[in-house]
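Step one of this worksheet: look at the structure below.
Protein chains in written order, with this note's numbering: chain L, 22 to 134; chain B, 227 to 336.
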């Protein structure tokens with residue numbers, strides 16, 4: 022079956038612009054989580070959606086937002102980009118929490134110049 | 227606040243060496259612990275541990291969980307250059323998403 026698909030794979034944006042990233046989970050998975058990965062910081066949790074509802078949110082500014090559609094596809098948006106937003110953005114899908122594994126997409130590499 | 231600490235943060239070994247990676251955690255609503263390997267982009271799943279003291283094995287990799295002392299270890303025997311990667315652990319909590327440690331970067335030289 023198809024894995025987790027993230028688009029685009031690479032993105033270069035200018036400071037102040039906004040960006041939208043997309044994640045299509047594995048068919049049947051209703052949970053989608055987003056992570057930001059930078060060197061030295063590991064994977065930092067952004068937010069998690071389950072059945073179109075945001076269940077949890079990490080400690081990121083309000084410039085970071087997301088949503089989930091009825092087909093479980095999710096998007097995250099970053100407004101007013103800053104240089105420090107340059108990172109690998111990963112999404113992971115799962116059937117649920119606790120005793121389910123998470124499958125990751127290949128990520129979107131965002132560079133802000 | 228939930229936290230995950232991995233050690234060492236980086237490790238350089240020679241092919242054939244055995245390595246032990248550590249993961250300690252303090253989280254609420256703990257259900258299981260996951261290990262991932264990240265080579266280029268997508269972390270790939272290695273193990274899910276749910277019970278203390280039961281070793282899980284996959285080839286040269288093995289892992290065990292201690293729920294009393296709140297830690298897990300990942301062992302890799304007879305390391306190969308293909309084992310070079312970032313190894314991530316993540317406690318799996320009920321009702322919320324995974325949180326990760328900073329990872330251990332393993333470099334295996336030939």
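Heads up, the beta-carbon is just placed ideally off N, CA and C, and yes, glycines get one too. This structure is a prediction, so every number in the text was calculated from the model and none was measured.
Inset, instruction - Could you say if the region 307-326 of chain B and the region 278-285 of chain B meet the contact criterion of at least three C-beta pairs nearer than 8 angstroms? - result: no
Inset, instruction - Mind checking the region 93-121 of chain L against chain B and listing, in chain order, the residues whose C-beta falls within less than 8 angstroms of any C-beta there? - result: 109, 111, 113, 118, 119, 120, 121
Inset, instruction - Give the DSSP-derived three-state secondary structure of residue 308 of chain B in the structure shown. - result: helix
Inset, instruction - Just tell me which of L:67, L:59, L:66, L:48 has its CA closest to the CA of residue 130 of chain L. - result: L:59
Inset, instruction - Quick one: which residues of the region 321-336 of chain B get their C-beta closer than 7 angstroms to a C-beta of chain L? List them in chain order. - result: 321, 322, 323, 324, 325, 326, 327, 328, 329
Legend entry - Residue-level contact to chain B via CB, residue 49 of chain L, 8 angstroms cutoff: no
Inset, instruction - Could you pull out every residue in the same chain whose Cβ sits closer than 6 angstroms to the Cβ of residue 69 of chain L, ignoring the five residues on either side in sequence? - result: 54, 76, 77
Inset, instruction - Please find out if some non-hydrogen atom of the ligand ATP comes closer than 7 angstroms to the beta-carbon of residue 67 of chain L. - result: Ligands displayed in this structure: none; no statement on the ligand ATP is therefore possible.
Legend entry - Residues sharing a beta bridge with residue 50 of chain L, DSSP: In the DSSP output, where bridge partners are listed per residue, residue 50 of chain L has none listed.
Inset, instruction - Pick helix, strand or coil for residue 106 of chain L, following the three-state DSSP scheme. - result: helix
Inset, instruction - Would you check if the distance between the CB atom of residue 96 of chain L and the CB atom of residue 26 of chain L is smaller than 8 angstroms? - result: no
Legend entry - Closer than 8 angstroms to chain B by CB, residue 88 of chain L: no
Legend entry - Within chain L, the residues that residue 293 of chain B reaches when beta carbons sit closer than 8 angstroms: Simply none; closest approach about 14 angstroms.
Legend entry - Test item: CB-CB of residue 46 of chain L and residue 114 of chain L under 8 angstroms: yes
Inset, instruction - Assign residue 134 of chain L to one of two classes, buried (16 or more other C-beta atoms within 10 Å of its C-beta) or exposed (fewer than that). - result: exposed
Inset, instruction - Flag this pair as touching only if the region 302-319 of chain B and the region 228-243 of chain B have three or more C-beta atom pairs under 8 angstroms; answer yes or no. - result: yes
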